[in-house]
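Following: one structure in structure tokens, then a few remarks.
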Amino acid sequence: MNKDNLDELFENLKEEFDVETPSVDHEQRFLNKLQTNSGPRLVEAPKQRRRLWKPLIGVAASIVLLIALTLGAPKTNEIRDLASVSPEMAEAQNFFSATISEELNKLNAESDPNAQVLIQDAIKRLNMLEKEYQNLKMDLTESEEDKRVIYAMISNFQTRIDILQRTLLEIEHVKQLKSSSNETSSTI
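Under the UniProt record's numbering, the first residue of the sequence shown carries the number 1, and numbering increases by one thereafter.
Laid out in structure tokens, this is it:
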């Protein structure tokens, strides 16, 4: 509202304002009424039992509702993995897991004593990556599908596959060196 509208409003309501001053003896009459009513008097208190039940019933109903919601609600603290993100990620996780399992079986099939050091080293690195993956699963649960966490999980799988494949290549290389040194020593 602008100033003209306010002025007009007050002008129209001018007669409705209570601007009368009280009579001279108003204060004295008020004090007399206070003194006559200030004496001790007994007032019968209303029955409070009925009044107490309403809030107590409300509190009890709230507690029952809270318990029901807590027990009936699905657990949101379940640790999620890559497969829980989308069907495509579930397929990727299955592929990576199958590849890792296959490469690990090949690695465990190696019985050459010279390769045992390489195998043990690879398994240590895989265990470290598995612990890192468990932490990433907790991060995924907390971050609600943050893309960076998803990429880190995929990278973790790829790193494990790379470690297994490199270890198998190194074992194959050691076997070739051993067989070529055996051939050289037998021909001499």
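Note that the Cβ used here is the ideal one computed from N, Cα and C, for glycine as well.
Fair warning: this is a prediction, and the values are worked out from it, not measured in the lab.
Measuring C-alpha to C-alpha distances from Arg166 to each of Ile119, Leu140, Met128, Asn127 identifies Ile119 as the nearest. Between Met138 and Ile79, the C-beta spacing is below 7 Å. If the five residues before and after Leu107 are omitted, its C-beta is found closer than 7 Å to the C-beta atoms of Ile119, Ala122, Leu164, Thr167, Leu168, all from its own chain and listed in chain order. Bounds of any alpha helix (DSSP H) do not take in Leu13, whose DSSP letter is neither H nor E.
Exclusion of the five residues before and after Ala92 leaves no residue of its chain whose Cβ lies closer than 6 Å to its Cβ. Around the beta-carbon of Val149, 16 or more other beta-carbon atoms lie within 10 Å, marking it buried.
Asp121: member of the alpha helix (DSSP H) spanning 116-143, first to last residue.
In this structure, Val174 lies away from Asn135, with their beta-carbon atoms at least 7 Å apart. Collapsing the DSSP output to three states places Thr167 in a helix.
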